[in-house]
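Remarks on the structure that follows.
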Amino acid sequence: MLWYEMTGKENDVVVSSRVRLARNLADYPFGGRLNEPSALEIIEKVRGVFDGASGYSFTQFNMLSDTSRRAEADRHKVSPEFAAKKTPTALIESDEKQIYIMVLEEDHLRIQSIKPGASLSEAYAAALEADRMIDGKLRIAYDEKLGYLTHCPTNLGTGMRASVMLFLPAITATRGIRSLQDQLGKIGLTIRGMSGEGSSGDGCLYQVSNQITLGTTEEEIITKLEKICENIAEKERELRRKYFSDEKFNDKAMRAYGTMLYAILMDSVEMTKLYSDVRLAAALGMIDGLNVNVLDKMLICGMPGVLTEENENINTPTDRDRERANMIRRVLSGNAGA
Amino acid sequence: MLCEKCNKNPATVMYKENINGHVKSFALCAKCASELTEMTGYGKSVYSQGDSLGDVFENVNSLFGSLFGLPAQQVRRQTGEEKKCTLCGAAFAELVKEGKVGCPECYKVFAEELAPTISRIHGTGVHMGTAPERYKEGRERKEKIAELESKLKRAVEAEEYEEAAKLRDELRKLKSEEGDK
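Chain order of the listed sequences is A and B. Residue numbering for the first sequence follows the numbering used here, beginning at 28 and increasing consecutively. Residue numbering for the second sequence follows the numbering used here, beginning at 723 and increasing consecutively.
And the structure:
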């Protein structure tokens with residue numbers, strides 16, 4: 028199952044947990060220095076490793092349509108950079124294990140695992156399992172001092188980027204993100220809004236991740252990140268109780284929920300805004316029977332790539348907004364008894 | 723005044739080069755200056771956060787701060803003789819321009835040139851995490867050797883010669899295994 032179709036731990040604050048390991052084959056150049064025959068050779072080698080491995084499937088990713096590639100990025104299975112590449116790429120995936128291996132992203136291999144809620148250790152265990160399968164069969168670039176060798180020196184060492192997606196409406200509203208950013212920077216972590224550098228974060232979604240990859244173990248990175256995210260979540264909950272449990276917010280959130288249930292056309296900007304208020308209200312128990320993960324599913328299914336892939340009759344932006352409103356009604360009425 | 727390199731943008735940076743004591747200076751625009759002296763990152767989506775070297779620098783000012791903090795020696799190397807990577811054929815200047823490393827072998831060939839950048843990003847630590855299977859045996863052996871050596875030292879100091887002889891034999895065996903590799 029995909030991460031957003033499941034209910035995760037601590038999901039009032041933690042949306043998802045992701046671990047990615049950067050790995051490269053020792054005998055091939057990186058990126059632009061890799062010619063097409065060598066690129067295809069790498070793809071074949073990696074395909075060979077997972078050939079017959081139960082639960083895994085292989086896709087020559089660059090052969091998919093633009094829409095499908097975009098949809099996979101919207102689902103957080105691959106990076107937008109990977110989805111945009113026209114040169115040979117491949118995806119080895121297991122929805123069941125929630126493992127996605129991007130072949131020829133920035134590095135030859137990016138082993139990724141994304142899981143719902145607070146589940147970094149589980150995501151790391153899954154990524155490690157795939158890493159071990161590859162390690163036995165391919166010669167991976169490694170140096171005793173520098174660790175795993177990567178295209179960009181920022182990923183040297185463990186080659187690991189662990190990140191947790193957090194829903195922080197109360198910290199955002201109380202202007203606490205900047206100070207959080209400063210504090211995290213001091214301990215080698217970063218926080219960023221989902222819509223890019225320094226943004227306030229559409230839908231109040233943020234990603235907290237490790238910055239340093241060399242000189243520390245994978246377990247240390249995971250433990251540190253887990254602990255810090257627990258603290259952030261506690262702070263967020265405290266602020267929610269203090270500033271958002273009143274009737275005024277309840278009214279605002281129920282109006283937002285009403286719009287979701289009855290709108291005929293909905294663009295993605297409006298959806299994201301409503302998502303934030305309704306998700307917060309659901310997390311505070313203000314909306315009977317509405318699980319926050321239903322809203323996460325709605326957000327992903329409402330992304331342009333996923334919507335277009337799942338509805339063949341979308342030709343104009345208005346078509347898309349209509350299908351989005353339909354989808355939202357379907358998802359909510361199916362789950363919340365509305 | 724226009725940049726002396728591209729002749730397009732206004733010059734905002736004085737770039738000094740010291741080759742064997744011969745100092746030359748150029749007036750450059752920010753773009754040419756950064757291309758000449760430093761590996762810079764590219765704007766990327768939030769998805770690959772922390773993946774580009776640009777993230778190492780908080781803003782343009784600190785970028786230039788670190789750029790002029792480069793040892794003169796390194797600048798000389800970047801502009802001086804052409805050493806090329808044995809696997810991908812890249813010269814160090816090309817890596818600087820691309821902001822990325824050319825292939826795994828580059829880390830060996832340009833170890834000295836890359837060291838300041840790596841320690842600026844990660845500090846001075848060495849890799850502590852997991853390793854591919856083929857390296858694990860060697861790593862465990864190294865740890866065992868270090869442990870036995872300190873035990874041997876203690877045994878000699880305590881004049882426990884029988885124990886010391888045993889440890890010495892064990893060490894000899896491990897070291898010969900290491901030599902076989």
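Each residue gets a CB set at the ideal place from its N, CA and C atoms; glycine is no exception. What you are looking at is a predicted structure, and each value in this text was computed from that prediction instead of being measured.
Host alpha helix (DSSP H) of residue i (start-end)
i      : result
A:I198 : P196 to A200
A:M281 : E274 to Y289
A:L67  : E63 to F77
A:S92  : It is not in any alpha helix (DSSP H) - A:S92 carries neither H nor E in the DSSP assignment.
Boundaries of the beta strand (DSSP E) in which residue i is found, first to last residue
i      : result
B:V818 : Here B:V818 belongs to no beta strand (DSSP E); instead the alpha helix (DSSP H) covers F814 to E820.
B:P854 : It is not in any beta strand (DSSP E) - B:P854 carries neither H nor E in the DSSP assignment.
A:P143 : L136 to P143
A:A117 : A117 to S121
Beta carbon proximity, residue i to chain B, threshold 8 Å
i      : result
A:L173 : yes
A:A168 : yes
A:R60  : yes
A:L193 : no
A:T335 : no
A:C256 : no
A:L176 : yes
A:C12  : The requested residue 12 of chain A does not occur in the structure, where chain A is confined to residues 28 to 365.
A:G312 : no
A:P56  : yes
A:D162 : yes
A:G316 : no
A:G242 : yes
Cβ neighbour criterion (16 or more within 10 Å) applied to residue i
i      : result
B:G669 : Here chain B covers residues 723 to 903 and nothing more, so residue 669 of chain B does not appear.
A:R347 : buried
A:E132 : buried
A:Y31  : buried
B:D773 : Confidence at B:D773 is low in this model, with a pLDDT of 41, below 50, so the placement of that residue should be treated as unreliable; the coordinate-derived value is given next. Under this definition B:D773 is a buried residue.
A:E245 : buried
B:C725 : buried
Pick from the options that is closest to residue i, judged by C-alpha positions
i      : options                           : result
A:P344 : A:M293, A:Y302, A:M325 and A:L326 : A:M293
A:I239 : A:A189, A:G316, A:L322 and A:M313 : A:A189
A:M28  : A:L67, A:M330 and A:Q125          : A:Q125
A:K269 : A:R74, A:L136 and A:T201          : A:T201
A:G59  : A:K112, A:G220 and A:K324         : A:K112
A:S81  : A:M298, A:Q234, A:R219 and A:D122 : A:D122
A:I249 : A:T116, A:P180, A:N258 and A:N237 : A:N237
B:E871 : B:Y883, B:L893, B:I843 and B:P854 : B:L893
A:V130 : A:R96, A:L52 and A:I70            : A:I70
A:Y151 : A:T185, A:G75 and A:R356          : A:T185
Integer Cβ distance of residue i from residue j, believed to fall under 8 Å
i      : j      : result
A:A110 : A:E120 : That belief does not hold up - the Cβ atoms of A:A110 and A:E120 are roughly 14 Å apart, past 8 Å.
B:A812 : B:K806 : 7 Å
A:V40  : A:E263 : 5 Å
A:L232 : A:F194 : 6 Å
A:A154 : A:L48  : 5 Å
A:R50  : A:H135 : 7 Å
A:P196 : A:S303 : 5 Å
B:G851 : A:G174 : 6 Å
Neighbour flag for residue i against chain A, beta carbons, 8 Å
i      : result
B:P838 : no
B:E885 : no
B:L809 : yes
B:E835 : no
B:K822 : yes
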